[in-house]
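Data first, discussion second: the structure below is written as structure tokens.
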């Protein structure tokens, strides 16, 4: 497990590289934007895919019982969540799952709550399907981001609000919501008859003492009002295999999701994704623990570098994910100026803050799931460019 090794991704059609010209107007930037990793997947996953690929028939394939049992076991050992096998259903991806949930449990014109700054597709899945976004913006405090429960209670009291999409852990701010926060959120939504769809794709990538607590694991009442979305894709760097799953204790909600999965003809999935999930959840823990240690080292490097060399750049240390949310407000630039500066002066391809909502103005999202040398080079380029404008 050599995470220091730089692996050349050119020639693989990797979005991280191929979209540089489209997003930044040039290929001459270090790409630290899209949320996948520059690390090789666990060898056990690679071998499982190779073994299946060695059989020359790639026709329609079903998932075996082991697929579901590995999910049940993973939730128990990593998150202390005792999941029944029948609660679990395959899904082709978390974002498609959000779309299917919106189509199944809301109607056109209904309002859906999201909590920006947040993963950009949350906006799209609501707007693109004729629903109305209701924002419950996170509060940015000195101690970090928190949810505005008073405002949430106010807006969900409206009969038009039917659903809340939770990002847990939160992308891009890196919060791991506490049991107390999740309990309060759940109580507000239950009181106001608002269904919760909880995107927990980053659940395995937690740092520090605050564990990830699946929302639906908190109480039977919350479990009945929650659709949980999870995947091995972020954890093991296998997003290209389009394999995720939902966990839904509520039979009525589960049947609703199964029905739209069938009617959308998306239930066959990816045979290599199924093998990858089984191998990752069976044998990937040692690799994952080593990965987390390495990512924490990268996070600490960025935090220390910024504090020493550019203390005006504000960063809340992420409690989870390999994503860092950098506040450049002190530089006094407009968003357009900051974007141009990052590309043309610093040579960096980061995520543009306003795509996460208006609350992302003056921010950029940095992906640190790369070799330490790449992160060191990126920060050195940022400092050099910053020093040029400072004089």
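Numbering (my numbering), first residue to last: 115 to 505. Heads up, the beta-carbon is just placed ideally off N, CA and C, and yes, glycines get one too.
Report the rounded CA-to-CA distance for residue 159 versus residue 348, giving the unit in angstroms.
14 Å
I'd like to check one pair, residue 225 with residue 248: are the Cβ atoms closer than 7 Å?
yes
Do the stretch 482 to 496 and the stretch 409 to 421 touch if we need at least three Cβ pairs shorter than 8 Å?
yes
To which residues of the same chain is residue 243 closer than 8 Å at the C-beta, ignoring the five residues directly before and after it?
213, 216, 217 and 222
Closer than 7 Å by C-beta to residue 143: which residues in its own chain qualify, once you throw out the five before and the five after it? Chain order, please.
134, 457, 461, 462 and 463
The stretch 151 to 167 touching the stretch 278 to 292, judged by at least three CB pairs closer than 8 Å:
no
Do you know offhand how far residue 203's Cα is from residue 211's?
11 Å
My output table needs one value for residue 337: the three-state DSSP class, helix, strand or coil.
helix
So, for residue 319: in the same chain, excluding its five sequence neighbours on each side, which residues have a beta-carbon less than 8 Å away from its beta-carbon?
283, 348, 349, 406, 409, 434, 435 and 436
Assuming residue 387 contacts residue 357 (C-beta within less than 8 Å), just tell me the rounded distance between them.
3 Å
Sequence-distant residues of its chain with Cβ nearer than 6 Å to residue 120 (five each side left out):
485
Going by C-alpha to C-alpha distance, which of 296, 125 and 323 sits closest to residue 432?
323
Spatial distance of residue 85 from residue 374 (CA atoms):
Lying outside 115 to 505, the shown extent of the chain, residue 85 is not represented and no answer is given.
Return the Cβ separation of residue 392 and residue 180 in integer angstroms, given the expectation that the two are a contact with Cβ distance under 8 Å.
6 Å
Whole-Å CB distance - residue 472 paired with residue 449, under 8 Å assumed
With 8 Å as the limit, residue 472 and residue 449 do not qualify as a contact, their Cβ atoms being about 10 Å apart.
Assign residue 286 to one of three DSSP states: helix, strand, or coil.
coil
Mind listing, in chain order, the continuous beta strand (DSSP E) runs of no fewer than 3 residues lying wholly within the stretch 405 to 452?
437 to 441
Tell me whether residue 277 sits in a helix, a strand or coil according to DSSP, three-state version.
strand
Can you grab the Cα-Cα spacing for the pair residue 170 / residue 140, in whole Å?
40 Å
Return the first residue and the last residue of the alpha helix (DSSP H) that residue 395 is part of.
385 to 397
Residue 364 by DSSP, collapsed to three states: which one?
coil
From the DSSP output, in three-state form, read off residue 468 for me.
helix
Residue 151 (DSSP reduced to helix, strand or coil):
coil
Just tell me which of 206, 477 and 419 has its CA closest to the CA of residue 446.
477
Per-residue DSSP class, three states only, for residue 203:
strand
Here's the rule I'm using: 16 or more other beta-carbon atoms within 10 Å means buried, otherwise exposed. How should residue 194 be labelled?
exposed
What is the residue span of the beta strand (DSSP E) that residue 249 lies within?
246 to 249
Using a Cβ-Cβ cutoff of less than 6 Å, which residues in the same chain neighbour residue 312 once the five nearest sequence positions on both sides are dropped?
280, 282, 329, 340 and 342
By Cβ distance below 7 Å, which residues in the same chain neighbour residue 196 in space, the five residues on each side in sequence not counted?
190
Among 500, 220, 192 and 499, whose alpha-carbon lies nearest the alpha-carbon of residue 400?
192
Tell me whether the beta-carbon of residue 270 lies closer than 7 Å to the beta-carbon of residue 306.
yes
What residue range does the alpha helix (DSSP H) around residue 477 cover?
Taken as a continuous stretch (DSSP letters only), residue 477 belongs to no alpha helix (DSSP H), being part of the beta strand (DSSP E) at 477 to 481.
For residue 145, which beta-bridge partners are listed by DSSP?
463
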